[in-house]
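Worksheet for the structure shown next.
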Amino acid sequence: MDRRGFLQIAGALPLLHALPSKAGDITSIFGIRLWPAPDHTRIVLDLDSEVEYKLSKSGNPGKVILKLKRAQPVLSLDAVVKEDPRLKSVKTWSAQGGNQFVVEFVLLRGVEARSFVLPPNESYGHRLVLDLHNLESKVGVAKPDRQQKSGSRKRLTIAIDAGHGGEDPGAVGHKGTKEKRIVLSVARRLEKLISKESGMRAVMIRKGDYYVSLGGRIRKARKSGADLLISIHADGFKKKSAHGASVFVLSDKRASSEMARWMARRENRSDRIGGVDRKRESRGLAYALRDMERGANQKISVDLAGIILQELKKIGDLHGNRVHRASFAVLKAPDFPSMLVETGFITNPREERLLRTSAHQQKLANAMMKAVRQFAAKYPSLGGGKSVRTNASIKGREYRVKRGDTLSSISKKSGISLSNIRKLNPGLSDMLRIGQKIRIQ
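Be aware that the sequence shown starts at 1, since it is given in the UniProt record's numbering, and climbs by one per residue.
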């Protein structure tokens, strides 16, 4: 058993959430879903109204207990447990003369339990969410690539973001095809291609059917030392005649078209549907976008987006012959180039059929791989930059800051991870001064 105990409950115990239901009414629990991820399991209860509930631990450290006031299930909750790495079983019973419904989650491993509620939206009604996080988990976060020898070249790290996942299906086709499944399949194919490429490595933002918040996607890419991010999606639109693939880069101002604006709004609603605890996530997208760094990476983003667009043109229709711009939240990281690829309209019957086929999914992955190769050849300093000893700005154990430098760009040039740079320079601010010396060894 972990020395700190088998179970932690985030915050004070017990957690009482005053979400009153209508006087005299019984709240129905009409659905339960499990979404296992590498570092946590999400449990979602569907409710027909707001409810007062309490999250606590029992005398047994291997249990989490959820008590709901004046609530009753209309289905069996204990049958939901599958092969989950954290959950052994679910037990339920009524208490306090039927005025309380108790759900007991029996655990297989140590967790930190967090709960929050989600208000109704366009896809779901009231939801109560319970997240069971590994106590000490770094699972699912790839480590930055490290140079093996002085003078060697750091591999180009591509973060592949399969959009949506878990509670958030993304766009849904007329045949019921879910965007989240199609884009994960394409992402896995691209990962395989990149992994076979010399001088490159792929990092998957999500590897299965679970939701990662928009801010969490950027954080995972950053922690992995990503040199660029490709977010893969499949369009959905109210008119089934809309068709063609497209590529987007970030626009902080106006979207390049009404369609682009509409798509960005739809994608940015993912956190509402996928389920995010706003109190914890509020800082997730609060980035200090440094104009100089953002400008340089925006130019590179547009360049790669254009290359991808030309490769996609070779295998199918395009939704316009230019790179589109819109304010996609997942593209708002200032420290590496990023673009969003819409592989086609899943709401178009013909393109839905294509997107369902392995052959077309592979063509899409191949097109993106060809574009990445061209990109790597054009920008060898991204990921393939020279080592500390051969970089003109680096002498011995120090780096002298130049105009346009950021901690991320210095990390890439030196091959030293951001975390190590911060350890070597206690109190180092993100705001750098020209001429400032930074320890790198």
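Here a beta-carbon is modelled for each residue, glycine too, at the ideal position from N, C-alpha and C.
When the Cα atoms are used, what is the spatial distance from residue i to residue j?
{"i": "LEU214", "j": "ARG403", "result": "30 Å"}
{"i": "GLU50", "j": "ASP335", "result": "41 Å"}
{"i": "GLN100", "j": "SER115", "result": "18 Å"}
{"i": "LEU87", "j": "GLY125", "result": "25 Å"}
{"i": "ALA329", "j": "GLY216", "result": "11 Å"}
{"i": "ARG397", "j": "ILE416", "result": "12 Å"}
{"i": "VAL104", "j": "GLY31", "result": "As written in the sequence, residue 104 is Glu, which differs from the Val given in the question. Taking the straight line joining both Cα atoms gives about 16 Å."}
{"i": "LYS207", "j": "SER411", "result": "26 Å"}
{"i": "LYS239", "j": "GLU342", "result": "16 Å"}
{"i": "LEU68", "j": "TRP35", "result": "21 Å"}
{"i": "ARG163", "j": "LEU77", "result": "It should be pointed out that residue 163 corresponds to Gly in this sequence rather than to Arg. Taking the straight line joining both Cα atoms gives about 29 Å."}
{"i": "VAL129", "j": "LEU66", "result": "11 Å"}
{"i": "LEU156", "j": "SER327", "result": "26 Å"}
{"i": "ILE194", "j": "LYS63", "result": "42 Å"}
{"i": "MET200", "j": "ILE158", "result": "8 Å"}
{"i": "ASP48", "j": "ILE308", "result": "45 Å"}
{"i": "LEU45", "j": "ARG127", "result": "6 Å"}
{"i": "ALA226", "j": "ILE300", "result": "14 Å"}
{"i": "ASN420", "j": "ARG222", "result": "14 Å"}
{"i": "VAL139", "j": "TYR210", "result": "With a pLDDT of 44 at VAL139, under the threshold of 50, the modelled position of this residue cannot be trusted; read the value that follows with caution. Rounded to the nearest angstrom, the two C-alpha atoms are 14 Å apart."}
{"i": "ASN366", "j": "LEU190", "result": "7 Å"}
{"i": "VAL74", "j": "LYS91", "result": "15 Å"}
{"i": "LEU317", "j": "HIS243", "result": "A quick correction: the sequence has Asp, not Leu, at residue 317. Going from the Cα of ASP317 to the Cα of HIS243 covers about 7 Å."}
{"i": "residue 487", "j": "LYS54", "result": "Any question about residue 487 goes unanswered here, given that the chain covers just 1 to 441."}
{"i": "PHE375", "j": "ALA71", "result": "56 Å"}
{"i": "TYR379", "j": "GLU351", "result": "33 Å"}
{"i": "ARG42", "j": "LEU132", "result": "6 Å"}
{"i": "ARG325", "j": "SER251", "result": "5 Å"}
{"i": "HIS233", "j": "ILE438", "result": "39 Å"}
{"i": "LEU354", "j": "LYS57", "result": "49 Å"}
Please state the DSSP three-state secondary structure of residue i.
{"i": "ILE440", "result": "coil"}
{"i": "LEU424", "result": "helix"}
{"i": "HIS126", "result": "strand"}
{"i": "ALA242", "result": "coil"}
{"i": "SER301", "result": "helix"}
{"i": "ALA359", "result": "helix"}
{"i": "LEU13", "result": "Legend: pLDDT at LEU13 = 36, less than 50; position of this residue unreliable, no value from coordinates given."}
{"i": "GLY306", "result": "helix"}
{"i": "ILE416", "result": "coil"}
{"i": "GLU179", "result": "helix"}
{"i": "LEU382", "result": "helix"}
{"i": "ASN134", "result": "strand"}
{"i": "LEU432", "result": "coil"}
{"i": "ARG217", "result": "helix"}
{"i": "LYS154", "result": "coil"}
{"i": "ASN366", "result": "helix"}
{"i": "SER185", "result": "helix"}
{"i": "GLY274", "result": "helix"}
{"i": "ALA371", "result": "helix"}
Which first and last residues belong to the alpha helix (DSSP H) in which residue i is found?
{"i": "GLU352", "result": "349–356"}
On the DSSP bridge assignment, give the partners of residue i in chain order.
{"i": "GLY165", "result": "ASP168"}
{"i": "LEU331", "result": "Paired residue(s): none; LEU331 is not in a bridge."}
{"i": "PHE248", "result": "HIS324 and LEU340"}
{"i": "LEU318", "result": "ALA245"}
{"i": "ALA159", "result": "VAL203 and LEU229"}
{"i": "ALA71", "result": "THR27"}
In terms of residues, what are the limits of the beta strand (DSSP E) holding residue i?
{"i": "ALA113", "result": "111–118"}
{"i": "LYS91", "result": "87–95"}
{"i": "ILE232", "result": "228–235"}
{"i": "LEU340", "result": "338–345"}
{"i": "LEU107", "result": "100–107"}
{"i": "GLU83", "result": "Neither: GLU83 is in no beta strand (DSSP E) and is coded neither H nor E."}
{"i": "ARG400", "result": "398–400"}
Just checking: is the beta-carbon of residue i within a distance shorter than 8 Å of some beta-carbon in chain D?
{"i": "SER246", "result": "Here there is only one protein chain, and chain D is not present."}
- request: Just list the beta strand (DSSP E) runs in the segment 26–67, keeping only unbroken ones of 3 residues or longer that don't cross its boundaries, in chain order.
  value: 27–36, 40–47 and 53–56
- request: Write down every uninterrupted run of the beta strand (DSSP E) in the segment 187–213 whose length is 3 residues or greater and which is fully enclosed by it, in chain order.
  value: 200–204
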